[in-house]
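Enquirer: Protein chains in written order, with my numbering: chain D, 15 to 547; chain F, 30 to 342; chain R, 527 to 821. Glycine is no exception: its CB is placed at the ideal position from the N, C-alpha and C atoms.
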Amino acid sequence: MKTTRRRVLQGAAAAASLATFGIRSRASFGQSGVVRFVPHGDVRSLDPIWTTANMSAYHGAMVYDTLFGIDADLQPKPQMVESWEISDDQLNYKFALRDGLKWHDGTVVSAEDCVASLYRWSARDGGGQHMMKRVREIVATGDKTFEFHLEEPYGLVLDVLAKTSTPLCYMMRAADAATDPNDQVTTNIGSGPFRFVEDEWVPGSKLVYERNPDYVPRNEPASGMAGGKVVHIERAEWNIMGDPQTAMAALQAGEIDFFEVPPLDLIDILKADPAIRIEVLNKLGNVGQIRLNHLHPPFDKVEARQGMLALVNQEDYMRACIGNPDYYQICGSQFACGSLMENDAGLEWMENAPDVEKAKELFAAAGYDGRAVVILQPTDIPILSNAALVTAQLLRSAGIEVEVAASDWGGVVTRRAVKAPVEEGGWNIFHTWAGGNAQSNPIALSAHAATGENAWFGWPEDARHEELRDAWAAAPTLEERQEIARQLQENSYRIVTQCIFGQWVGPVAYRDSLSDILAIPEIIPFWNMKKSA
Amino acid sequence: MTGYLVRRLLATIPVMMVVAVVVFSLIHLAPGDPAAIIAGDNVTAKQIAEIRERLGLEEPLWKQFALWVGNLAKGDLGTSIFSRKPVTELIVQRAEPTIALTATTLVVAITLAITAGVLAAWKAGTWIDRGVMIFAVMGYSVPVFVVGYGLVYVFSMQLKWLPVQGYAPIADGLVPFIRHLILPSVALGLAYVALIARITRTSMLEVLSEDYIRTADAKGVATRPKLMRHALKNAAVPIATVIGIGVALLIGGVVITETVFNIPGIGRLTVDAILKRDYPIIQGIILIFSAWYVLINLAVDVLYTFLDPRIRY
Amino acid sequence: MATARSLEPVAAAVVARPKRSALAEFVRRNPTIAVGGLILAFMAAVALLAPWVAGDPIRFQPIDRLQPPSAAFWFGTDNLGRDVYARTVYGARISLIVGLMVAAVAILFGVLVGLASGFYRRLDGIVMRVMDGLMAIPPILLAIALVALTKASVEIVIVAIAIPEIPRVVRLVRSVVLTVREQPYVDAAIASGTRTAKILFRHILPNTIAPLIVQATYVIASAVITEAALSFLGAGVPPEIPTWGNMIAEARLFLQIAPWPIFFPGLCLAILVLAVNLLGDGLRDRLDPRIARRM
């Protein structure tokens, strides 16, 4: 065939278009495939079972996978599990893993791995421990099958396995799960949709995850922690920034794509920027807790606790701590407004808050002797720092002496574990918050326990409360659980396990090149997320 | 001279011992529990106690100290409680940004300061003198983070000339490296201009009033070469001292700059370690800083002998 | 007799010169000392009169947060609804106290150690090594560690900022002691059996006063700024107690939307540092004979 100019041109055109096609598809993965994220804190430990810190849970969601996960309606649905059966007497659960599950080192996920992981996790998790009291054993019955053998029925098995309150029930290889629960695992091999790029990890500053090409998502649309986890980006780079203003400026300048905690007072500036989206992912938000120390005066007397309760004016707290009314709500429920367990039992204290006169009477009835109430104040967490000052001012208005003990959060966390009296280094009040979803679970959240010395810091003790909690766990239907939640809340405010100072949401901010970010309580997912060039 | 060097190097050992004991006692005797911090919120006191036990924090203090010193002798600075990475590795990983920032800040500060100081000394007693010194002080009287925010607002957000934050390793190119360091060095450098300018001015004044300067005047030597050659060389000694101090100060001063500009350096590493009570990192870094400072002092003292022939050891 | 007559107008003129020109003369010849001193005196006066001049710096009404300056709140309110004017005035107290106490502590310990170290050769070696050790620990980190590990309070912050300043004072005093010790009159005093204490405090100490005063002024300025830095890192004076430093640090988030809680304490801080530096510079120029001659 004669080589005509036309043929040469045609050939050249064909070659050129092939080349550009190649370049284009590489480009769509190159720069635009990287999501630069600034989270709310540092991932201090890479073992999401060993620590209950939320950042470690985020890390876990990238690298590990769970047997069950909550879907967009907060219902437990299977993830790693293909099918399961519950025996008629509710004492036997049979689980079968789905196909295609592999660890990042190439080995296949086995039932042995899952059993070992379950034991290690339940040694650390409150909900898990609650469940394991009723479980005689968990055994692997095949390569991909395992069973739970229970002593008595427990309606919450799937809920506990699927919950997103920390620590989540992430699956690890048997060798890693054999690590003592009080030690950290030494590797980061999971079966999740991302791989941890350990070479690029700068502790305290940067974490890098890359897409796991061997991950087989479920053949379903994405839905919460359940459904198909399809990854559309190549890499996620997590940048730990100590200064929220720097992060904000970086977001506006396009140096980062996704900022988890834009300061609420500055939201309007971001809203005015056409390239930035503001979205509330965690609709249940956070619930503020005022923890009272039940072991020592004055709050060892229920009247004094009632006095504190009478002073709690949520509007004051929310304005001082959150500021922007668009993002907070007044909510007295111990179980987070907007959740399935929300109710209005026992909320009389909200009607006249702050009822200074009543508080004075109650403190007098408790025999308040003028001693200083010690409030722990973490100066490096503005919301809690301000909450401490609000509590101090409210108490002072009722004639109570207050000493605000300022320190960093590390100092607060150390001191709140001290059970000794105040004179020997103890405390009377500290503030903290829990995710709304976690807060709505009377079993999974340690703060709801009233087991005295073994309870969470504050150590409330009430036998009836514990009976109610057990009843809640055993209740077979949602309606019954909701009814028991009412009673729990009523009781909670009768003995005042803790006070609630408000509920708020924290919107995230991201550039408009990102889209399809799933809203999962307490987790920021990077699957399903898309980044346009 | 060699004898002097050897003696000085040997003297660093007791200094380091002092530092080691002070630092160790400080963080272990005072209340603060890394186990409580790392366990997160949703735990009980019992679980925290178990973690403490596993971390070896329940051992008697003297035992923990002996363990640490023993490891030091082997060149092992210990392992981070949180990330389980060796402290040495963490320091090496974060050293480049801090060193780069320190170097560029010193360049900025010294250039501005010596110019200001010489100018002020030359026109001593006039309003130029006072004006220059007041400008210098202003760079220092506004906290570094405020200056930082201001610079970012003007140069990054409004003018878009420079990046907001971050650090570009020199291996990735000289231009991004410099671009990322301009604002932080200026913000931090301004704070030191006053210090160095004042010392420059004082030294220059003291020297200018010396007899040999009047001789140069009488000889009819022109002003600028006179200033440069005679005065500056003699004033160099105390200035070198100040620079030594400045370097040490910078190690602490970079902390804020690293936070504001998100530079992953050693300053930030140390503050984070202190706030989460990661004892091995705190101990390791402070020890390294101290060694660094002691060596800098030694280098400056040696520099003296070259700058001022009258000084002999 | 013509000479005597011609002297009279001169004599009359000499007698007739107004007395107050002595003060004016001082101000004219030492403007920096005068201005610096005046500003400091004013700030100290305001600080002392705080309870009468300002309202309540601690009480707040969250509903009033971030209000711009108005008749009710002269300097506006901060993010908790506290009165920025009241906090700025009370902040003068704590900031000045922190500055002065740091200088006092540093100078007291520095003088004692420096005198001893400079005078007694055998002590000198050990003391200087310990001082080197202290100086080697970065000041901000030492301060953060002390505050984070004990508790946040004005006292701890003062100690934390003062400790790294002590070695510098020691060096200063020691160098003076080393020089003065060689003087003949000191030799004479020792030879005639004068007690060491007397030698130290009668002959040597006075020579240190001038450079110490100058150093003190710089320490004051540095202390107030360091306090702001500590507050930025979360390790300063507890936020309930206002200092200019922690007011600036706490309000930095609102720089773009509500600059007044930063602006007013920031301005005061800058003026204080400037005044102190002017004072220090002026004093040094006046007290250092070699420089004074040149001016």
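Looking only at DSSP bridge pairs, what is G516/D linked to?
Expert: For the purposes of this step, residue 516/D is taken as residue 502 along the first sequence, with counting starting at 1. Answer is G302/D, bridged to G516/D.
Enquirer: For chain F, check one thing: does any of its Cβ atoms lie closer than 9 Å to the Cβ of S399/D?
Expert: Along the first sequence, one-based indexing puts residue 399/D at 385. It does not; no Cβ of chain F falls within 9 Å.
Enquirer: Chain R partners of L409/D, CB-CB under 9 Å?
Expert: The count along the first sequence starts at 1 and reaches residue 409/D at position 395. Residues of chain R passing the Cβ test: none, with the nearest at roughly 13 Å.
Enquirer: The segment 121 to 151 of chain F: which residues have C-beta closer than 8 Å to a C-beta of chain D, in chain order?
Expert: Against chain D - using a Cβ distance shorter than 8 Å - the residues of the segment 121 to 151 of chain F are Q122 and R123.
Enquirer: Does DSSP put G218/F in a helix, in a strand, or in coil?
Expert: Counted from its first residue, the second sequence places residue 218/F at position 189. In this structure, G218/F counts as helix in the three-state DSSP scheme.
Enquirer: Short of 8 Å Cβ to Cβ, which residues in the segment 241 to 261 of chain D face chain R?
Expert: Answer set for the segment 241 to 261 of chain D: P258 and Q259.
Enquirer: Between S97/D and F82/D, is the Cβ-Cβ spacing less than 9 Å?
Expert: Within the first sequence, residue 97/D is the residue found at index 83, counting from 1. Within the first sequence, residue 82/D is the residue found at index 68, counting from 1. The answer is no: Cβ separation not under 9 Å.
Enquirer: Residues of the segment 554 to 583 of chain R in Cβ contact with chain F at a cutoff of 8 Å, in chain order, please.
Expert: Flagged, chain order: P557 and T558.
Enquirer: Would you mind working out which of E493/D, T393/D and G516/D sits nearest N772/R, comparing C-alpha positions?
Expert: For this step, residue 772/R is matched to residue 246 along the third sequence. The candidate whose alpha carbon is nearest that of N772/R is T393/D.
Enquirer: Should the segment 61 to 76 of chain D be regarded as contacting the segment 64 to 80 of chain F, the criterion being three or more beta carbon pairs within less than 8 Å?
Expert: Taking 8 Å as the limit for Cβ pairs, the verdict is that the segment 64 to 80 of chain F does touch the segment 61 to 76 of chain D.
Enquirer: How big is the Cα-Cα spacing for R38/D and V48/D?
Expert: Your numbering for residue 38/D matches position 24 in the first sequence. Your numbering for residue 48/D matches position 34 in the first sequence. The predicted model places R38/D with a pLDDT of 35, which falls under 50 and marks its position as unreliable; any figure quoted below should be read in that light. Roughly 16 Å between the two C-alpha positions.
Enquirer: Starting from the beta carbon of W470/D, find every residue of chain A whose beta carbon is closer than 7 Å, and list them in chain order.
Expert: Protein chains in the displayed structure are D, F and R, and chain A is not among them.
Enquirer: Taking Cβ positions only, does S42/D come closer than 9 Å to chain R?
Expert: As a position in the first sequence, residue 42/D is number 28, starting the count at 1. Low local confidence applies: a pLDDT of 35 at S42/D is under 50, so the model's placement there is unreliable, with the coordinate-based value given in what follows. It does not; no Cβ of chain R falls within 9 Å.
Enquirer: Between F790/R and the rest of its own chain, which residues show a CB-CB distance below 7 Å, the 5 nearest in sequence each way excluded?
Expert: Reading the third sequence from its first residue, position 264 is the one you call residue 790/R. Same-chain partners within the cutoff: F601, V610 and T614.
Enquirer: For my contact list, P213/F and T286/F are in at a C-beta cut-off of 8 Å; report their separation, rounded to the angstrom.
Expert: Counted from its first residue, the second sequence places residue 213/F at position 184. Counted from its first residue, the second sequence places residue 286/F at position 257. The pair is a contact, with the Cβ atoms about 5 Å apart (cut-off 8 Å).
Enquirer: Closest Cβ-Cβ distance between G107/F and chain R: below 9 Å?
Expert: As a working mapping, residue 107/F is identified with position 78 in the second sequence. No, G107/F lies away from the interface with chain R (no Cβ there is under 9 Å from its Cβ).
Enquirer: Within its chain, find whatever has a CB closer than 8 Å to the CB of A642/R; leave out the 5 residues flanking it on each side and keep chain order.
Expert: Taking the third sequence and counting its residues from 1, the one referred to as residue 642/R is at position 116. The answer, listed in chain order, is L649 and V653.
Enquirer: Can you check whether the C-beta of M773/R is within less than 9 Å of a C-beta belonging to chain F?
Expert: Taking the third sequence and counting its residues from 1, one reaches residue 773/R at position 247. No, M773/R does not count as interfacial toward chain F.
Enquirer: With 16 other CB atoms within 10 Å as the buried threshold, where does S546/D fall?
Expert: In the first sequence, residue 546/D corresponds to position 532, counting from 1. The residue in question, S546/D, is exposed, as its Cβ has fewer than 16 Cβ neighbours within 10 Å.
Enquirer: Using 9 Å as the threshold, is the C-beta distance between G651/R and L698/R below it?
Expert: Position 125 of the third sequence, counted from the start, is the residue given in the question as residue 651/R. Position 172 of the third sequence, counted from the start, is the residue given in the question as residue 698/R. Result no, Cβ atoms of G651/R and L698/R do not sit closer than 9 Å.
Enquirer: With DSSP collapsed to three states, give me the class of T603/R.
Expert: One-based indexing of the third sequence puts residue 603/R at position 77. DSSP places T603/R in strand when its eight states are reduced to three.
Enquirer: Hey, out of Q259/D, D271/D, V294/D and G242/D, whose CA is closest to V277/D's CA?
Expert: On the first sequence, position 263 is the one that residue 277/D refers to. It should be pointed out that residue 277/D corresponds to Pro in this sequence rather than to Val. Closest by alpha carbon: Q259/D.
Enquirer: Examine chain R for any beta-carbon lying closer than 9 Å to the beta-carbon of G218/D, and answer yes or no.
Expert: Sequence index remark: in the first sequence, residue 218/D carries index 204 (1-based). Taking Cβ atoms only, chain R never reaches closer than 9 Å to G218/D, which makes this a no.
Enquirer: Inspect the beta-carbon positions of F51/D and N366/D and report whether they are closer than 9 Å.
Expert: Residue 51/D sits at position 37 when you count from the first residue of the first sequence. Residue 366/D sits at position 352 when you count from the first residue of the first sequence. Taking 9 Å as the Cβ cut-off, F51/D and N366/D do not qualify as a contacting pair.
Enquirer: What does V418/D touch in chain R if you count any residue whose Cβ is under 8 Å from its own?
Expert: Taking the first residue of the first sequence as position 1, residue 418/D is located at position 404. By Cβ distance, chain R contributes P764 and E766.
Enquirer: Please decide whether D340/D counts as near chain F, where near means a Cβ-Cβ distance under 9 Å.
Expert: For this step, residue 340/D is matched to residue 326 along the first sequence. Not one chain F Cβ lies under 9 Å of D340/D.
Enquirer: Roughly how many whole angstroms lie between the Cα atoms of R40/D and R249/D?
Expert: Here residue 40/D refers to the residue found at position 26 when the first sequence is read from its first residue. Here residue 249/D refers to the residue found at position 235 when the first sequence is read from its first residue. The predicted position of R40/D is uncertain, since its pLDDT is 34 and thus under 50; a value taken from the coordinates is nonetheless stated next. In a straight line, the C-alpha of R40/D is about 14 Å away from that of R249/D.
Enquirer: Would R655/R be called buried (16 or more neighbouring beta carbons within 10 Å of its own) or exposed?
Expert: On the third sequence, residue 655/R is found 129 positions in, with the first residue counted as 1. It is buried - the Cβ of R655/R has at least 16 other Cβ atoms within 10 Å.
Enquirer: Residues of chain F with CB closer than 7 Å to the CB of N196/D, please, in chain order.
Expert: Translated into positions along the first sequence, residue 196/D becomes position 182. Under the 7 Å cutoff, chain F gives E79, I80 and R83.
Enquirer: Work out the CA separation of A747/R and V77/D for me, nearest whole Å.
Expert: Counting from one through the first sequence, the residue named residue 77/D turns up at place 63. Counting from one through the third sequence, the residue named residue 747/R turns up at place 221. Each residue's Cα considered, the two are about 51 Å apart.
Enquirer: Who are the neighbours of I589/R on chain F, taking C-beta pairs under 8 Å?
Expert: Counting from one through the third sequence, the residue named residue 589/R turns up at place 63. What I589/R touches in chain F: nothing, since even the nearest Cβ is about 28 Å away.
Enquirer: Apart from the five residues on each side of it in sequence, which residues of its chain come closer than 7 Å, Cβ to Cβ, to A373/D?
Expert: Within the first sequence, residue 373/D is the residue found at index 359, counting from 1. Cβ within range, chain order: G321, A324, L325 and A412.
Enquirer: Have a look at T299/F and I314/F and give me their C-alpha separation to the nearest angstrom.
Expert: Position 270 of the second sequence holds residue 299/F. Position 285 of the second sequence holds residue 314/F. Between T299/F and I314/F, the C-alpha separation is close to 7 Å.
Enquirer: Which residues in the same chain as I571/D place their Cβ atom closer than 6 Å to its Cβ, once the five residues preceding and following it in sequence are excluded?
Expert: The structure shown does not extend to residue 571/D, since chain D is modelled only from 15 through 547, so no value can be given for it.
Enquirer: Could you pull the start and end residues of the beta strand (DSSP E) that L390/D belongs to?
Expert: Locating residue 390/D in the first sequence gives position 376, counting from the first residue. Segment V387 to P392, the beta strand (DSSP E) holding L390/D.
Enquirer: Is there a Cβ from chain D that is less than 9 Å from the Cβ of V331/F?
Expert: Residue 331/F sits at position 302 when you count from the first residue of the second sequence. No, its Cβ sits nowhere closer than 9 Å to a Cβ of chain D.
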